[in-house]
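Below is one structure, written out as structure tokens; the observations come after it.
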Amino acid sequence: MEFFKDKFSEVFETIFESVSEGIIVVNTNQKIATVNGAAAEMFGYEHNELVGLPLDTLIPKDYRKQHKGHVSKFMEHSDKRKMGKGRDLYGARKDGTSFPVEAGLNPFMVEGRRYVMAIVTDITDRKNYTENLERTVRERTSQLTEALEKEKDLNELKTKFLSLVSHEFKTPLSGILTSATLIGKYTETVQQQKREKHLRTIQNKVKYLNNIINDFLSIERLESGKVNYKFSSFPLSKVINEVIYDANTHLKEGQKILYPEQIDAIEIDFDEKILVLVLTNLVNNAVKYSPEHTEVAVKVIPRDKELDIAVIDQGIGIPNEEQKFIFNRYFRAANVLTNQGTGIGLNIVKSHLQNLGGSITFSSEEGKGSIFTITIPTP
């Protein structure tokens, strides 16, 4: 290799050694004729250690066969070329590790012999920066897409909410206004029965509106984490009696609620108000969505360290394709849209039960009825 080195002028050799890029000169046999200090350092070798070694020494094993073909073709039809742009190009260090590079290939002749000078740049930092930037862009794009989807969902919820509020408030308010107007016309003593009828209508409508407002307040408290649960010990029969007594005022003609058996000795430790809320929702739904002359049964099944309470009806049931949405807020199945309701109750029930370590499940068949079962932990 002294022959080749003797051809360098002193000035050229100074430049050759001073540049920061790695320079590797290869002959037609694809052996390294010389390298500068930057190249030796880049690949982890001593300055003269690479001279005479095959170029493949600096190529990762997985790329050698492909690379050898590229170099042979370049030697036959050589011109200036930039390698590593548009495709991955890697160098192999002495310790076996690899790193991404770009290489500019420059052919030249010395005394009739062909050589190629490769100017090699370690692009690890650039590649890492690019990959990090691309990853950041992907993450930000994903976050933006997710935010847009959430915004879209929120807007849909707002639209549903406004439509729901408009409908659910307008109907009972119209009933209240009508009854209040009619009451004013019944001035005779003998018309007292008619006055009482309209007063009951007003009371029921106001109670319905109050329940809707309470549902909305429950959602706000659940979302803000402001719900304060209060555990206490109480007889289960106390809550069951209260819920069924209230539900009896909503029964249709011929409807009947079957009281659970053998529960007088059962005492539980739970949030009493929440249990009333949960069971009231389930029993009232069973009554509302069941036809006349049907039964709604409440069953209690004690288990080891938990208690199941099932509400069974013979109502319209839930369409199979819509059952997966039944606990979604504001969702109402297609077969109940003509009934009053907000689609909030079951969502609130599930949230409260989960917060208290309980759960709710159901089975339903359209046209035959539903069974909603809550499970609560017991000491």
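For the sequence shown, the residue numbers in my numbering are 466 to 844.
For every residue, glycine included, the Cβ atom is placed at its ideal position computed from N, Cα and C.
Note that the structure is a prediction, hence the values are computed from the model and not measured.
Starting from E506, follow the alpha helix (DSSP H) in both directions and report where the run begins and ends. 502 to 508
From S514 to E596, what does the alpha carbon distance come to, in whole angstroms? Rather than Ser, the amino acid found at residue 514 in this sequence is Glu. C-alpha separation (whole angstroms): 34 Å.
I'd like to check one pair, L716 with V752: are the Cβ atoms closer than 8 Å? Yes, the Cβ-Cβ distance between V752 and L716 is below 8 Å.
Quick check on D590: buried or exposed, where buried means 16 or more other Cβ atoms within 10 Å of its Cβ? Taking every protein chain shown into account, the CB of D590 has fewer than 16 other CB atoms within 10 angstroms, so this residue is exposed.
Under a three-way DSSP split, which group does I731 fall into? Reduced to three states, the DSSP call for I731 is coil.
Selection from L554, I813, T666 that minimises the alpha carbon distance to V743: V743 has its Cα closest to that of I813, out of L554, I813, T666.
What is the DSSP secondary structure of E830, reduced to helix, strand or coil? strand
Can we say the stretch 699 to 708 touches the stretch 723 to 738, given the rule of at least three CB pairs closer than 8 Å? yes
Roughly how many angstroms lie between the CA atoms of V708 and I809, to the nearest whole one? 19 Å
In this structure, how does DSSP classify V763 when only helix, strand and coil are distinguished? strand
Pairs of beta-carbons, one from the stretch 716 to 725 and one from the stretch 659 to 676, closer than 8 Å: are there three or more? A contact between stretches requires three or more CB pairs, one per stretch, nearer than 8 Å, and the stretch 716 to 725 fails this requirement with the stretch 659 to 676.
Would you mind working out which of G556, K789, T745, Q819 sits nearest I841, comparing C-alpha positions? For I841, the nearest C-alpha among the options comes from Q819.
Considering Cα atoms alone, identify which of R665, E831, G561 is closest to N785. Of R665, E831, G561, the smallest CA-CA separation from N785 is found for E831.
Cβ neighbours of K592 in the same chain (closer than 8 Å, five flanking residues each side left out): P565
For K662, name the three-state secondary structure that DSSP assigns. helix
Closer than 7 Å by C-beta to G551: which residues in its own chain qualify, once you throw out the five before and the five after it? Chain order, please. With a pLDDT of only 48 at G551, under the threshold of 50, the placement of this residue in the model should not be trusted, and no figure is reported.
Per the DSSP calculation, I783 is bridged to which residue(s)? Bridge pairing for I783: absent [DSSP].
Cβ atoms of I584 and A568: under 8 Å apart, would you say? yes
Thinking C-alpha only, which one of V776, N501, I497 is nearest S485? Closest by C-alpha distance to S485, out of V776, N501, I497, is N501.
I'd like the span of the alpha helix (DSSP H) that includes I709, first residue to last. 701 to 713
So, does the stretch 494 to 508 touch the stretch 516 to 533, judging by three or more C-beta pairs under 8 Å? Output reads yes: the stretch 516 to 533 touches the stretch 494 to 508.
Distance, G822 Cα to G549 Cα: Confidence in G549 is poor, its pLDDT being 48 and thus under 50, which makes the residue's placement unreliable; the coordinate value appears in the next sentence. Their backbone Cα atoms lie some 59 Å apart in a straight line.
So, with DSSP's three-state summary, where would you put T589? helix
Going by beta-carbon coordinates alone, are F481 and I488 separated by less than 8 Å? yes
Judging by CA-CA distance, which residue of K650, N669, E653 is the nearest neighbour of S639? N669
Count the other CB atoms within 10 Å of the CB of V602; is the residue buried (16 or more) or exposed (fewer)? exposed
Just tell me which of I781, I684, L723, D618 has its CA closest to the CA of P756. I781
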